[in-house]
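In full-length UniProt numbering, the protein residues as written are 1 to 240. Using N, Cα and C, we set each Cβ at its ideal position, and we do this for glycine too.
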């Protein structure tokens with residue numbers, strides 16, 4: 001049996017939300033009440049929890065905007081951890097082929113930009129690294145949002161201070177003092193150049209295998225659980 005999880009009503013004036021982050025991957029086994037993703041509106045951030053234990057099948061991606069009531073994922077309550085491991089292996093194979101054909105960064109300039117936690121208020125002495133928007137090793141553009149940090153008063157978005165390769169220093173959940181080193185950026189000369197790797201067939205096969213695995217799960221509407229944490233969103237400007 002599959003449980004369909006839909007975007008809940010979170011306020012009278014809120015008609016849509018954006019998927020901020022998936023904490024569990026498509027095909028992974030999840031436990032009941034485990035937080036599986038984070039939803040964002042213009043007023044708050046919401047954590048969505050699993051209604052039941054089973055295998056997760058996502059129906060929307062990070063960054064997608066969904067209307068209230070739209071299907072966001074399904075949980076196969078009869079799915080086992082072994083089946084989830086097989087599905088995860090298919091996804092991993094797809095990610096591996098995608099990585100092989102991803103753009104290669106241009107030549108490094110040799111400069112490394114260190115990014116530190118900036119002062120965000122007189123009474124705030126430390127922040128928590130809530131989530132990385134960009135992964136370690138990703139190419140980032142100047143001013144692109146790369147992470148979110150939380151204080152006891154607000155959530156702040158941290159933009160890149162240079163274009164180049166991101167090298168994370170702190171991990172999600174780490175508490176950092178103001179001025180603490182959060183990451184480094186290996187500055188590159190221009191944007192990445194596309195690779196000519198011939199991996200299209202392998203990626204297509206992996207995608208098809210994942211689709212076939214998910215097609216056998218039929219949806220059934222069920223309620224869901226939601227945790228809400230109200231926050232104020234700000235963008236951090238590093239003091240150079």
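- For residue 77, no beta strand (DSSP E) segment is defined, and its DSSP state is neither H nor E.
- Contact between residue 36 and residue 49 holds, since their C-beta atoms are separated by about 7 Å, short of 8 Å.
- According to the DSSP assignment, residue 155 belongs to the beta strand (DSSP E) that extends over 155-159.
- In the three-state reduction of the DSSP assignment, residue 133 falls in the coil class, being assigned neither a helical nor a strand state.
- In the three-state reduction of the DSSP assignment, residue 119 falls in the coil class, being assigned neither a helical nor a strand state.
- Looking only at 24, 7, 187, the smallest Cα-Cα distance to residue 110 is reached by 187.
- DSSP, read as helix, strand or coil, puts residue 58 in strand.
- Residues of the same chain with a CB within less than 6 Å of the CB of residue 140, apart from the 5 flanking positions on each side, are 134, 146, 160, 166 in chain order.
- Around residue 180, the same chain offers 116, 117 as residues with beta carbons nearer than 7 Å, after the five sequence neighbours per side are excluded.
- A check of alpha carbon separations from residue 2 across 13, 76, 24 identifies 76 as the nearest.
- Measuring C-alpha to C-alpha distances from residue 11 to each of 41, 27, 153, 47 identifies 41 as the nearest.
- For residue 147, the enclosing beta strand (DSSP E) stretches over residues 145-150.
- In summary, residue 78 is exposed, with fewer than 16 beta-carbon neighbours lying within 10 Å of its beta-carbon over all protein chains present.
- The beta carbon of residue 108 is closer than 8 Å to those of 164, 165, 186, 187, 188, 189 in its chain, skipping five residues each way along the sequence.
- In this structure, residue 169 sits away from residue 151, with a CB-CB distance that is not shorter than 8 Å.
- In terms of CA proximity to residue 125, 149 leads the group 157, 28, 59, 149.
- Look at residue 46 here: in three-state DSSP terms it is strand.
- In this structure, the beta-carbon distance from residue 51 to residue 38 does not fall below 8 Å.
- Take residue 144, set aside five residues on each side of it, and the residues of its chain with a beta-carbon closer than 6 Å to its own are 160, in chain order.
- Secondary structure of residue 142 (DSSP, three-state): coil.
- Cβ contact annotation for residue 177 (same chain, cutoff 8 Å, sequence separation greater than five): 117, 125, 126, in chain order.
- Non-local beta-carbon contacts of residue 9 in its own chain, meaning distances under 7 Å to residues more than five positions away in sequence, involve 68 in chain order.
- Per DSSP, residue 7 lies in no beta strand (DSSP E) segment and is marked neither H nor E.
- In the displayed model, residue 29 falls within a strand according to three-state DSSP.
- Going by DSSP, residue 169 is part of no beta strand (DSSP E) at all; its letter is neither H nor E.
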